[in-house]
DNA sequence: AACAAATATGAGCTTGAATTCATATGAAAA
DNA sequence: TTTTCATATGAATTCAAGCTCATATTTGTT
């Protein structure tokens, strides 16, 4: 198949984009409620520019959307994609990986 | 919630583990057929130790399993977890991210 | 128009993961 | 039991992602 490479690249980009604690925290927060950058910053106690960088990446892959509201820019989660994936990981942990968070990964 | 942190950590580890081209290629290959390290090496034209390192990580999160067969060790994919996730990403690309693989990510 | 608030961007630095290569381990065959 | 094949492991180096801080941009307010 010709576009198998393109698919793999897309998977790679996708996972790379999510392989980051800040972005995961953002996602966990936006799961509950859409927020502006400042609100996220206060809620997560993470510096603003750090969040903006992270959000730019997430937006690149359309994992979050943004809409302007006055000076603020409200970010919301692409729940259609994210929620089912998180759910699968939850199940995976229950089923196959109950010890994952206890033992530390060597590398 | 108390174990919200543990969940986020697990997501983070999970995605970090997959955020790697070699591992994605391994997964794409094992999706079709279980294989030994050498077979993977030949099929993917990737050096053996590189694969072993990658496989060790994947095994850590139980994304692949292995069973011994003579001198060989046959790796197989945890399809129950991986396949639905890949499917979601495929859908995501169709729906929300048709341009992702064309435009290059800045960072 | 000047100012303030909110967010984004860029560049240098830091850190950690991936690669590489040499070597160790294990399992079967001779 | 030595040799060979298959895989794993360790450590040094390389490379890229993320952080930080300073500054730019954008939008709204006075």
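Residue numbers (our numbering), protein chains in the order written: chain A, 502 to 608; chain B, 502 to 608. Glycine is no exception: its CB is placed at the ideal position from the N, C-alpha and C atoms. Model, not experiment: these values are computed from the prediction.
Status (buried if at least 16 other CB within 10 Å, exposed otherwise) for residue i
i, result
"residue 558/B", "buried"
"residue 518/A", "buried"
"residue 591/B", "exposed"
Cβ-based neighbour list, residue i, same chain, cut-off 8 Å, excluding 5 preceding and 5 following
i, result
"residue 515/B", "562"
"residue 536/B", "530, 544, 575 and 576"
"residue 567/A", "556, 560, 574, 575, 576 and 577"
"residue 542/B", "548, 549 and 552"
"residue 570/B", "537"
"residue 539/A", "549 and 573"
Unbroken beta strand (DSSP E) run spanning residue i, endpoints
i, result
"residue 544/A", "Segment 538-545 is the alpha helix (DSSP H) holding residue 544/A; no beta strand (DSSP E) there."
"residue 504/B", "Element bounds for residue 504/B: n/a, residue is neither H nor E."
"residue 568/A", "565-570"
Cutoff 7 Å; reference residue i; Cβ partners in own chain excluding five residues on either side
i, result
"residue 606/A", "Bear in mind that a pLDDT of 43 at residue 606/A, under 50, signals an unreliable position, so the number given afterwards is only what the model happens to contain. Cβ neighbours of residue 606/A beyond the five flanking positions: none."
"residue 565/A", "531, 556, 559, 576, 577, 578 and 579"
"residue 528/B", "578 and 583"
Limits of the unbroken alpha helix (DSSP H) element including residue i
i, result
"residue 558/B", "549-561"
"residue 592/B", "580-597"
"residue 524/A", "522-533"
Whole-number beta carbon distance between residue j and residue i, since they are thought to touch under 8 Å
i, j, result
"residue 586/B", "residue 586/A", "6 Å"
"residue 593/A", "residue 582/B", "4 Å"
"residue 520/A", "residue 520/B", "4 Å"
Task: Residues in the region 583-602 of chain A having any Cβ partner in chain B nearer than 8 Å - done: 585, 586, 587, 589, 590, 591, 592, 593, 594, 596, 597, 598, 601 and 602
Open item on the list: To be precise: take each residue of the region 521-547 of chain A, compare its Cβ to all Cβ atoms of chain B, and keep it if any distance is under 9 Å. Which residues remain?
Closed with: 521, 522, 524, 525, 526, 528 and 529
Open item on the list: Give me the subset of the region 548-573 of chain B whose CB atoms are less than 8 Å from a CB atom of chain A, sorted by chain position.
Closed with: 554, 557, 558, 561, 562 and 563
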